[in-house]
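Notes for the one structure printed next.
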Amino acid sequence: MRVKENLIGAAIAFVLICGAGAIGANFVLKAMDDGDKVEAADQSNTAATNKPLHVPQVDFEANSTEGRAITTIKEFHAAFDLKVTGGGLDNFASDNDDAWNEFLTSDAFNTNKYEEIGKALTSVQGLQLDMNTLIELANIAREKHDPDALRFMHRILHDLDLYAFPNKETVQRDYWGVTNTVPSEDGTNRTEMEKFLEAN
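Using my numbering, read the sequence shown as starting at 41 and increasing by one per residue.
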């Protein structure tokens, strides 16, 4: 009788633990899915409603110079996702030196890295222009501590990662349409970025 009670108790515990695990996993997956959608509390930041006009057709080996450059783009996008999405951009008020100093020391602001990516991927139409824009935005972020520079850097890296160089695991969402590599027919977000660059 006691063995039967122990088995029933173990079965109940197993169901409760698995149920809690499933709830926790759903919470984490939802947070990951939502994370890249909102850069700040400002809901006026809207993704483009269309898809890219053209997408580069690339097939580089992962260990090639080109493959490593693409991996770096993906790593930089992940770094920006951690810092600016889900309302994280709000932490970068111009006077919040701690947040800025920590983020600005990361490789994602090393302009030499963007130059190396541009040299490695010269065969990809428009990519060098996007690297030049990232360099310009990184300099603005460093000199002026302007959160919009982070927002636009994130959007470029996002579109390059998810639309120019997707892999089998890539879930495409929130196409911003701000790059030369994967340009958009809807130029609203691109125009907003260009006005920001002109003003700075």
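Ideal Cβ positions, reconstructed from N, Cα and C, are used throughout, including at glycine.
For the 7 Å CB-CB criterion, D214 and A119 do not form a contact. Assignment of beta-bridge partners to P92 by DSSP yields S224.
Here the stretch 190 to 199 lies against the stretch 163 to 175, with 3 or more beta-carbon pairs under 8 Å apart.
From the listed residues L200, L237, N240, the smallest Cα separation to T221 is found for L200. Counted as a single uninterrupted DSSP element, the alpha helix (DSSP H) harbouring E176 occupies residues 167 to 184. Here W216 has A87, A88, R195, H198, D199, N229 as same chain residues with Cβ atoms under 7 Å from its own Cβ, once five neighbours each way along the sequence are excluded.
By the beta-carbon neighbour count (other beta carbons within 10 angstroms, threshold 16), E225 is exposed.
Excluding residues up to 5 positions away in sequence, S134, N240 lie with their Cβ nearer than 8 Å to the Cβ of K184 in the same chain. Counted as a single uninterrupted DSSP element, the alpha helix (DSSP H) harbouring E156 occupies residues 151 to 160. In the three-state scheme derived from DSSP, where H, G and I count as helix and E and B as strand, W216 is classed as coil. Contact between A109 and I157 holds: CB atoms are separated by about 5 Å, below the 8 Å threshold. The three-state reading of DSSP puts F132 in coil, since its state is none of H, G, I, E or B.
Its Cα nearest to that of L174, the residue F116 stands out among D121, W140, F116. A102 carries a coil assignment under DSSP once its states are collapsed to helix, strand and coil. Put simply, the backbone Cα of A178 is about 9 Å away from that of L144.
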